[in-house]
Amino acid sequence: MILGTRIMLDFTYRTLPQRVVFGPDRITSLREEVERLGATRTLVLSTPGKRALAEDAARRLGPLCAGILARAVMHLPIEVARAGREEARRLEADCYVAIGGGTTIGLAKGIALETGRPIVAVPTTYSGSEVTPVQGLTEGGVKRTVRDPRLLPRTVIYDPRLTLPLPPAVSGPSGMNAIAHCVEALYAADANPITSLMAEEGVRALGASLPVVVLHPDDLAARTQALYGAWLAGTALGTVGMGLHHKLCHTLGGSFNLPHAETHTLILPQAAAHNRAAAPEAMARVARALGGSDAPAALFDLATRLGAEMRLAAFGLSEADLERAADLAVESPYPNPAPVTREGVRALLQDAFEGRRPGG
Ligand code: NAD
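Sequential numbering from 73 applies to the sequence shown in the working numbering.
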């Protein structure tokens, strides 16, 4: 949208209270950032596979570290959150350092939701969770979303050097997950010109950098650009409401335990195609940012170029599962540019199941 001088502006824009530290080697300021919060007993969190990251953070914190909990699990099962709260209580932790992807930041949020203690997030993927006050919790096979200001990490340290080891098979889908935040922000019911600027710039930064990141994972300039895009994308996610795409991915992740970023990657072009006619301005901005003429096709082509799996069928879902997913996705109403009907969602899922490239 190019704003002319005769267009009236009328919107609500909410800024989130947060300190962001960005740049190569900024992890060296971890201890200083924790001290700034007045914390003395930090609990460092990670996934089991990335315990080494937590150990490195603990070393940097020195006496300010009270312990490590390397137990984060994707989609945060409620039992994992409860065990984390218990450990935080036992250690009398007054701050949580989450070092890793959205899974690790999710565990910190699951603990902070109860205690209200501050989170310092050190993201190493492009999920964007570090800049949102939102948390997905899975209980009894259903993932629900909680929004609470206590969930917003107080400080974020973006160090692109920490993302260098991220393998191409993770970087690609993780970056597409970030692009999905931008696409839905551009057509959100509560979209505003500021968030839209961030969202379009996020698509541009990620669209330009991800193909380089996947080919040359050690390219620090491309990694920096991708992380900058992820920050913009996460900020857009945290500021405006998401639509059909996020709802569907949420359902597929929580109820079928599908991998988060990979699901976003293959659903995004189909969800964009579903919304194409109803959100022409958003589509034009996404296409412009990606240098294409049709947003859904450009998104599909970018994901394919990144080597992503585009067939939902490859993740072991049956066609019967698609019926249940369609039922769950239309259970409660939410804003979306195109009408959300069961028939429409079922057709979208079929296209995703087969990995069909959306036509122009
Ligand atoms: P993830 O955190 O599980 O990380 C993906 C993979 O990357 C893992 O295998 C991990 O080991 C690996 N990895 C992470 N850092 C690495 C590094 N430095 N080097 C090498 N490998 C590394 O997945 P994700 O996609 O980042 O996050 C998904 C989770 O985050 C889901 O539970 C989702 O619900 C949540 N999420 C929440 C929000 C929010 O706003 N609340 C936003 C996005 C995602």
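Just so it is clear, CB atoms sit at the ideal spot from N, CA and C, and this is done for glycine as well.
Predicted model, so just to flag it, every value in this text is computed and none were measured.
For residue 94, the enclosing beta strand (DSSP E) begins and ends at 91-94. Annotation for residue 146 indicates a beta carbon within 7 Å of some heavy atom of ligand 1. Contact check for residue 235 and residue 196: beta-carbon distance about 6 Å, within the 8 Å limit, so the pair qualifies. Residue 185 and residue 220 have their C-alpha atoms roughly 8 Å apart.
Around the Cβ of residue 399, a 10 Å sphere holds fewer than 16 other Cβ atoms; the residue is exposed.
Look at residue 208 here: in three-state DSSP terms it is strand. Counted as a single uninterrupted DSSP element, the alpha helix (DSSP H) harbouring residue 417 occupies residues 414-426. Of all alpha-carbon atoms in 175, 209 and 183, the one lying nearest the alpha-carbon of residue 198 is that of 175.
Residue 311 sits in a helix when the DSSP states are folded into three classes. The stretch 283-291 makes no contact with the stretch 412-432; the number of CB pairs closer than 8 Å stays below 3. In this structure, residue 166 sits near residue 189, with a CB-CB distance shorter than 8 Å.
Our two residues, residue 237 and residue 290, have alpha carbons roughly 8 Å apart in a direct line. Between residue 207 and residue 224, the CB-CB gap reaches or exceeds 8 Å.
The DSSP assignment places 316-328 and 332-347 as complete runs of the alpha helix (DSSP H) inside the stretch 294-353, in order along the chain (cut-off: 4 residues). Assignment of alpha helix (DSSP H) within the stretch 235-280, counting only whole runs of 4 or more residues, yields 240-258 in chain order. DSSP lists 137 and 167 as the bridge partner or partners of residue 114. Pairwise C-beta distances place the stretch 306-324 in contact with the stretch 257-274, as three or more of them are shorter than 8 Å. Rounded to whole angstroms, the gap between the alpha carbons of residue 292 and residue 368 is 29 Å.
Straight-line spacing of the CA atoms in residue 323 and residue 123 works out to 29 Å. By the neighbour-count criterion, in which a residue is buried when 16 or more other Cβ atoms sit within 10 angstroms of its Cβ, residue 83 is exposed. Of the other Cβ atoms in all chains shown, fewer than 16 fall within 10 Å of the Cβ of residue 162; this residue is therefore exposed.
In the DSSP secondary-structure assignment, residue 230 is bridged to 94.
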